[in-house]
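Colleague: Chains L and G supply the protein sequences, listed in that same order. Residues 2 to 524 (the working numbering) make up the first sequence, in order. Residues 31 to 342 (the working numbering) make up the second sequence, in order. Heads up, the beta-carbon is just placed ideally off N, CA and C, and yes, glycines get one too. Quantities reported herein were computed from a predicted structural model and do not represent experimental measurements.
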Amino acid sequence: MDQLRTSIPISNDKLRQYAESRLHRALAARLHRRQLVKSSLATAAAGAMMHFTGFTPSAVAAARRALAQNGDSAEAAVAAANALDPKPAELFVVWESALQAQDPLLFSGPLWEELTGIRITVLELPFTDMYSGQVAEHIAGTGGHDVLSVVPAWQADFVAQGIVEPLDPFIEQYMNPADLDDYHPLYRDLMNFGGQIYALFDDGDTIILYYRKDLIEDPANQEAFQAQYGRDLAPPATWLEYDEVQAFFTEQGAPELYGGASQRVAGGLHGWFMEEYRNKGGIFFDAETMDATVNGEAGQATLDRMVASNLTMPPGVETWGFIEVLTGWMSGQLAMIGGTWPPIGRWSEGTTVEQLAWVPETQVAGNVGYSVMPEGHSAHNGGFMLGVAAQSQNKEAAYLFAQWANSPSISLQRCMLPYALRDPFRLSHYASEEYRAAWATAGDYLDTLEAAADGALLDLIMPGAVEYHNAVDQAVTSAMAGTGVQEALDGLAESWNEITDRIGRDQQREAYAEYTLLAGAYP
Amino acid sequence: MTAPVSRRALPSRRGWQTAGSVSGRTRWTGWLLVLPTLVAILFLGIYPLLFSLTISFRRWDLQVPEQSFVGLANYGQALMDDRLWAALGNTLLIMVVGVGLEFVLGLGLALVLIDELRGKRFIIPLLMLPVLMVPVVVALTWRLLWDQQYGPINAILSAITGQNVAISWLAQKNSAMVAIIVTEVWQWTPFMFLVLLAGLSGVSAELYDAASLDGASWWHSLRDITLPAIAPVIAVAVLFRAFDAFKIFDVIFLFTQGGPGTSTESISWYIYQLGLRFFRMGYAAAVSYLVVIFLTIVVAIYATLWLREERA
Numbered sequence: 002m003d004q005l006r007t008s009i010p011i012s013n014d015k016l017r018q019y020a021e022s023r024l025h026r027a028l029a030a031r032l033h034r035r036q037l038v039k040s041s042l043a044t045a046a047a048g049a050m051m052h053f054t055g056f057t058p059s060a061v062a063a064a065r066r067a068l069a070q071n072g073d074s075a076e077a078a079v080a081a082a083n084a085l086d087p088k089p090a091e092l093f094v095v096w097e098s099a100l101q102a103q104d105p106l107l108f109s110g111p112l113w114e115e116l117t118g119i120r121i122t123v124l125e126l127p128f129t130d131m132y133s134g135q136v137a138e139h140i141a142g143t144g145g146h147d148v149l150s151v152v153p154a155w156q157a158d159f160v161a162q163g164i165v166e167p168l169d170p171f172i173e174q175y176m177n178p179a180d181l182d183d184y185h186p187l188y189r190d191l192m193n194f195g196g197q198i199y200a201l202f203d204d205g206d207t208i209i210l211y212y213r214k215d216l217i218e219d220p221a222n223q224e225a226f227q228a229q230y231g232r233d234l235a236p237p238a239t240w241l242e243y244d245e246v247q248a249f250f251t252e253q254g255a256p257e258l259y260g261g262a263s264q265r266v267a268g269g270l271h272g273w274f275m276e277e278y279r280n281k282g283g284i285f286f287d288a289e290t291m292d293a294t295v296n297g298e299a300g301q302a303t304l305d306r307m308v309a310s311n312l313t314m315p316p317g318v319e320t321w322g323f324i325e326v327l328t329g330w331m332s333g334q335l336a337m338i339g340g341t342w343p344p345i346g347r348w349s350e351g352t353t354v355e356q357l358a359w360v361p362e363t364q365v366a367g368n369v370g371y372s373v374m375p376e377g378h379s380a381h382n383g384g385f386m387l388g389v390a391a392q393s394q395n396k397e398a399a400y401l402f403a404q405w406a407n408s409p410s411i412s413l414q415r416c417m418l419p420y421a422l423r424d425p426f427r428l429s430h431y432a433s434e435e436y437r438a439a440w441a442t443a444g445d446y447l448d449t450l451e452a453a454a455d456g457a458l459l460d461l462i463m464p465g466a467v468e469y470h471n472a473v474d475q476a477v478t479s480a481m482a483g484t485g486v487q488e489a490l491d492g493l494a495e496s497w498n499e500i501t502d503r504i505g506r507d508q509q510r511e512a513y514a515e516y517t518l519l520a521g522a523y524p
Numbered sequence: 031m032t033a034p035v036s037r038r039a040l041p042s043r044r045g046w047q048t049a050g051s052v053s054g055r056t057r058w059t060g061w062l063l064v065l066p067t068l069v070a071i072l073f074l075g076i077y078p079l080l081f082s083l084t085i086s087f088r089r090w091d092l093q094v095p096e097q098s099f100v101g102l103a104n105y106g107q108a109l110m111d112d113r114l115w116a117a118l119g120n121t122l123l124i125m126v127v128g129v130g131l132e133f134v135l136g137l138g139l140a141l142v143l144i145d146e147l148r149g150k151r152f153i154i155p156l157l158m159l160p161v162l163m164v165p166v167v168v169a170l171t172w173r174l175l176w177d178q179q180y181g182p183i184n185a186i187l188s189a190i191t192g193q194n195v196a197i198s199w200l201a202q203k204n205s206a207m208v209a210i211i212v213t214e215v216w217q218w219t220p221f222m223f224l225v226l227l228a229g230l231s232g233v234s235a236e237l238y239d240a241a242s243l244d245g246a247s248w249w250h251s252l253r254d255i256t257l258p259a260i261a262p263v264i265a266v267a268v269l270f271r272a273f274d275a276f277k278i279f280d281v282i283f284l285f286t287q288g289g290p291g292t293s294t295e296s297i298s299w300y301i302y303q304l305g306l307r308f309f310r311m312g313y314a315a316a317v318s319y320l321v322v323i324f325l326t327i328v329v330a331i332y333a334t335l336w337l338r339e340e341r342a
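What follows is the structure, given as structure tokens:
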């Protein structure tokens, strides 16, 4: 055992602890000798995984030459990929299906192949299956994935299971270090998990509020609103104001026009609850006992308001997801969107590509205003990072593709693709003259996204995050279907406690403590 | 022209046995020929079955590195799991109401179409279309039909009632269950119809003639001739459909994802959540085996009752 212990490089405490704990547990459980051998191999594999050392000298040299010339990480990645020996013919890249996948299918994949000769095969998965699909592939040990799509909330599980490769050695060899400073601080911090970078941030999913400037600024509406509520009609700064503006337009215009809509279908809904809950002062767990505290006053106030707010949204909003909100907004049926992902801001100004032919022609172009979410802190809901699969046979090439796609120059193009769903995440994206000139108010849009990222509230990032989030979705949809708010929240707290107990209170206490240190854990 | 093969021309059971033991080489050739199939069955059928049985006794959980042996703990936990019982209740509701409606409607259609009708050869293929459709496509299509705002079902109900019907079908438990059952009935009634039609076509017309001479009404003929005559067919059709309905997944997945909350979860959906979303494989395997045990008991009772009926 000591031999094994010393074989584990100690530069990475977290992985060493994980590997050692596996060994201790195996011994404690008095496993069969074969299982112990298996466990030891896993430990050794974890040790080997800590430092990828199989760099191709010619590739490293080519990258350094390219970086010395112009400091462009994209060119360095291409030069290195072309110098790989052997160079893989193909990389298998996991990506969210449908619109998201149009990027690697139509833009980044073909371009990378043109530049390097390495074909990109896109493995599309619906968002709801991306976590389980990638975990299952790892458990099966197929080595069938090279580049992974990692949501920050999944990072704890992916690291603990050894699914993702630590990227620091690759970054050291191939990337211009200045590129790391180009990530927005929120995203740069999210990339750093336990002192290591396991994935490159690639999609800034900060939720913002959209409103119709033409309706808000209309003098008749201003006057009527002043008469009804005794204050100016303005983009809402609190949820109370939001509900008033929403109710005002619904009363005035339904069924042709409703005051607003927010996503209410399960599968992301947790973001809305958890954002407002924290803005109202709620905390998720008692840091000492790890008992869930979501069923207190803040929880009740949040869920009460969410349920009541549905009454002035379009009928049937309980089943609305991203697409329904998009459709209602583009067709001019909504005065506001109570928060959604950034692509809607771009598409509001017009969609010309065939991939979006199904979206109603925009009725709101030129009239869209943007704002950080009510109470001043938007949720960062989802987001994608590009990681390298620990079981990949082509780790170097996989990393180089990720670095190239994620580099400032290429990622800006990807964020501006008219059909894809990648959103700004680099400081250079927000400042891009090209992007800011894309439409008249593009500068406002980018400034709002940056401001939202500055104060964004993160999803839970700890083991079992997917289960915790799923339980929130269930509680909220349950309350919206008529279950009492307190009953739904008590059920949520019970579910969270069960998850915590199953995973282990001590482990979760430690993970939660780490989470609370992140800038976006609480306001 | 090939002469019809008489029963006598076929080799006897003993004859096959004799032929099979002619030489060791022939026997080995036989084994060699079935070997690929045998291997495939063992690897794809038996091995996963045994593997899942073994992990049902372990704490096989993504979040817990050690996969310790826990004996019957997973089974005990499952029996105390309220969510499992609720999912079982939902599944049985869908199964009983859905298959019941499918039987009634299928039988009605079969009784109508067993007679010579104009256009029958066009009607029957048309009726079969839902069965031929992929369940996912059916679910996606019906999800649009049930849509509160744009779906035609509310529009049709509004036209019929003369009032604005704006039911958010998939957002409430009860209405969502109605939507799930109606969709199931729409897709699978034709299956029931076809099987029952085949059964009805085998009932001798002489029985009805005799009953008619005795002055039996339509109802008496149905009760005393038709149903007893096709009872074996009914038993098989109901059993097939009940099993299929018990596995319901596609419609739940696309309609409600088990929601709102967990109120429309079926057994298959719950097991999928446990095993393939949260990777609680040991527990999911235990729940699966409990379901197998439950279904085995149900089938045993069903078969016993049916055989008793047959004997009577």
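Mapping DSSP to helix, strand and coil, what is residue 370/L?
Modeller: Three-state DSSP puts residue 370/L in a strand.
Colleague: Exposed or buried, residue 58/L, counting other C-beta atoms within 10 Å across all chains shown (16 or more means buried)?
Modeller: Exposed: under 16 other Cβ atoms inside 10 Å.
Colleague: If contact means a Cβ-Cβ distance below 7 Å, which residues of the segment 181-210 of chain G contact chain L?
Modeller: Listed by position along the chain: 196, 198, 200, 201, 202 and 203.
Colleague: Whose Cβ in chain G lies nearer than 8 Å to the Cβ of residue 479/L?
Modeller: The contacting residues are 289, 290, 291, 292 and 293.
Colleague: For residue 446/L versus residue 100/L, is the C-beta distance shorter than 9 Å?
Modeller: Cβ atoms of residue 446/L and residue 100/L: not closer than 9 Å.
Colleague: Looking only at its chain, what residues have a beta carbon closer than 6 Å to the beta carbon of residue 119/G, apart from the 5 residues adjacent to it on each side?
Modeller: The answer is none, since no qualifying residue turns up.
Colleague: Please list, in chain order, the residues of the segment 69-93 of chain G that have any C-beta partner in chain L closer than 8 Å.
Modeller: Result list: 91, 92 and 93.
Colleague: Counting only beta-carbon atoms, is residue 467/L nearer than 9 Å to chain G?
Modeller: Yes, its Cβ sits closer than 9 Å to a Cβ of chain G.
Colleague: Tell me whether residue 39/G is buried or exposed, calling it buried when 16 or more other Cβ atoms sit within 10 Å of its Cβ.
Modeller: Low local confidence applies: a pLDDT of 45 at residue 39/G is under 50, so the model's placement there is unreliable, and no value is given.
Colleague: At a Cβ threshold of 9 Å, is residue 276/G touching chain L?
Modeller: Not an interface residue.
Colleague: Taking only beta carbons into account, state which residues of the segment 301-326 of chain G come closer than 7 Å to chain L, listed in chain order.
Modeller: Those would be 306, 307, 308 and 309, in chain order.
Colleague: Just to confirm the assignment, what range does the beta strand (DSSP E) spanning residue 150/L have?
Modeller: Taken as a continuous stretch (DSSP letters only), the beta strand (DSSP E) holding residue 150/L covers 148-151.
Colleague: Could you run through the segment 103-127 of chain G and flag, in chain order, every residue whose CB is less than 8 Å away from some CB of chain L?
Modeller: From the segment 103-127 of chain G, no residue has a Cβ closer than 8 Å to chain L.
Colleague: When Cβ atoms are compared, which residues of the segment 154-179 of chain G fall closer than 8 Å to chain L?
Modeller: Listed by position, the residues of the segment 154-179 of chain G near chain L (Cβ gap below 8 Å) are 177, 178 and 179.
Colleague: Three-state secondary structure (DSSP) at residue 307/L?
Modeller: In this structure, residue 307/L counts as helix in the three-state DSSP scheme.
Colleague: The ligand ADP and residue 204/G: does the residue's C-beta get closer than 8 Å to at least one heavy atom of that ligand?
Modeller: Looking for the ligand ADP in the displayed structure turns up nothing, as the structure carries no ligands at all.
Colleague: In whole angstroms, what is the alpha-carbon distance linking residue 165/G and residue 456/L?
Modeller: Straight-line Cα distance between these residues: approximately 45 Å.
Colleague: With a threshold of 9 Å between beta-carbons, can residue 319/L be considered close to chain G, or not?
Modeller: For residue 319/L, the answer is yes, since a Cβ of chain G falls inside 9 Å of its Cβ.
Colleague: Helix, strand or coil for residue 310/G, going by three-state DSSP, please let me know.
Modeller: The answer is coil: DSSP assigns residue 310/G none of H, G, I, E or B.
Colleague: Please state whether DSSP places residue 241/L in a helix, a strand or coil.
Modeller: Helix at residue 241/L.
Colleague: If the cut is a Cβ gap below 9 Å, which residues of chain G does residue 120/L touch?
Modeller: In chain order: nothing, as chain G lies at least about 30 Å away.
Colleague: Less than 8 Å between the CB atoms is what I'm expecting for residue 365/L and residue 352/L, so what's the real figure, rounded?
Modeller: That pair is no contact at about 12 Å.
Colleague: Excluding five sequence neighbours on each side, which residues of the same chain lie with their C-beta closer than 6 Å to the C-beta of residue 136/G?
Modeller: For residue 136/G, where only same-chain residues beyond five positions count, the Cβ hits under 6 Å are 219, 222, 223 and 226.
Colleague: What residue range is occupied by the uninterrupted beta strand (DSSP E) comprising residue 92/L?
Modeller: Unbroken beta strand (DSSP E) run through residue 92/L: 91-97.
Colleague: Check whether the segment 422-438 of chain L and the segment 203-214 of chain L touch, using three or more Cβ-Cβ pairs below 8 Å as the test.
Modeller: Flag = yes, the segment 422-438 of chain L and the segment 203-214 of chain L touch.
Colleague: If you drop the 5 nearest sequence neighbours on each side, which residues of the same chain put their C-beta closer than 6 Å to that of residue 63/L?
Modeller: Closer than 6 Å at Cβ, skipping near neighbours: 80, 81 and 84.
Colleague: How many angstroms separate the CA atom of residue 324/L from the CA atom of residue 211/L?
Modeller: If I take the Cα positions, the gap works out to 15 Å.
Colleague: For the candidate residues 514/L, 442/L and 105/L, whose alpha-carbon lies nearest to that of residue 289/L?
Modeller: Out of 514/L, 442/L and 105/L, 514/L has the C-alpha closest to the C-alpha of residue 289/L.
Colleague: Answer yes or no: does any C-beta atom of chain G fall closer than 9 Å to that of residue 510/L?
Modeller: Cβ-Cβ to chain G under 9 Å: no for residue 510/L.
Colleague: Locate the beta strand (DSSP E) running through residue 204/L, then write down its first and last residues.
Modeller: Segment 200-204, the beta strand (DSSP E) holding residue 204/L.
Colleague: For residue 167/L and residue 371/L, I'd like the C-alpha separation in whole angstroms.
Modeller: Their Cα atoms are separated by approximately 37 Å.
Colleague: Would you kindly check if the distance between the Cβ of residue 282/G and the Cβ of residue 294/G is under 9 Å?
Modeller: Contact flag set, yes.
Colleague: What runs of the alpha helix (DSSP H), each 4 residues or longer, lie entirely inside the segment 120-162 of chain G?
Modeller: DSSP runs (the alpha helix (DSSP H)) wholly in the segment 120-162 of chain G: 150-162.
Colleague: Please identify, using Cβ separations under 9 Å, the residues of the segment 151-170 of chain L that lie next to chain G, in order along the chain.
Modeller: So the close ones are 158, 161 and 162.
Colleague: Between which two residues does the alpha helix (DSSP H) holding residue 61/L run?
Modeller: 58-71 is the extent of the alpha helix (DSSP H) around residue 61/L.
Colleague: Could you tell me the alpha carbon to alpha carbon distance between residue 332/G and residue 172/G, rounded to whole angstroms?
Modeller: For residue 332/G and residue 172/G, the distance between alpha carbons rounds to 33 Å.
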